[in-house]
């Protein structure tokens, strides 16, 4: 038998992007609910981010290992103000 192999190019991504949101509750503590998927259009350049699987992680080590992805990136509550989140495309 025979088969075809398709190799797709790597996506063109921005390595660092900011997702900024106002802290609108009564406590001005820098903690808020974020939809991390809103950052997708700023991460994948020149292509539809829906063509890719994005996972978000709390550490570079988890990202590298492909473990402990944030379960619901559409309703993530940051742990500290100015927190870094890591994204795998």
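In my numbering, the protein residues as written are 58 to 146. By construction, the Cβ of each residue, glycine as well, lies at the ideal position given by its N, Cα and C atoms.
Rounded to whole angstroms, what's the CA-CA distance from residue 106 to residue 81? Just pull it up for me.
To locate residue 106, count along the chain shown from 1; it is residue 49. To locate residue 81, count along the chain shown from 1; it is residue 24. Taking the straight line joining both Cα atoms gives about 28 Å.
With distances taken Cα to Cα, identify the nearest neighbour of residue 73 among 91, 63, 96, 85.
By one-based count along the chain shown, residue 73 stands at place 16. For residue 73, the nearest C-alpha among the options comes from 96.
From this set, 75, 79, 61, 144, which residue's C-alpha is nearest residue 124's C-alpha?
What you label residue 124 is simply residue 67 of the chain shown in a count that begins at 1. Out of 75, 79, 61, 144, 144 has the C-alpha closest to the C-alpha of residue 124.
DSSP three-state call for residue 112: helix, strand or coil?
Numbered from its first residue, the chain shown carries residue 112 at position 55. Note: residue 112 maps to strand in three-state DSSP.
Residue span of the alpha helix (DSSP H) that contains residue 99, given as start and end
Residue mapping note: residue 99 aligns to position 42 of the chain shown, counting from 1. 97-100 is the extent of the alpha helix (DSSP H) around residue 99.
Excluding the 5 residues preceding and the 5 following residue 120 in the sequence, name in chain order all residues of the same chain whose CB lies nearer than 6 Å to its CB.
Reading the chain shown from its first residue, position 63 is the one you call residue 120. Contacts found: 114, 143, 145.
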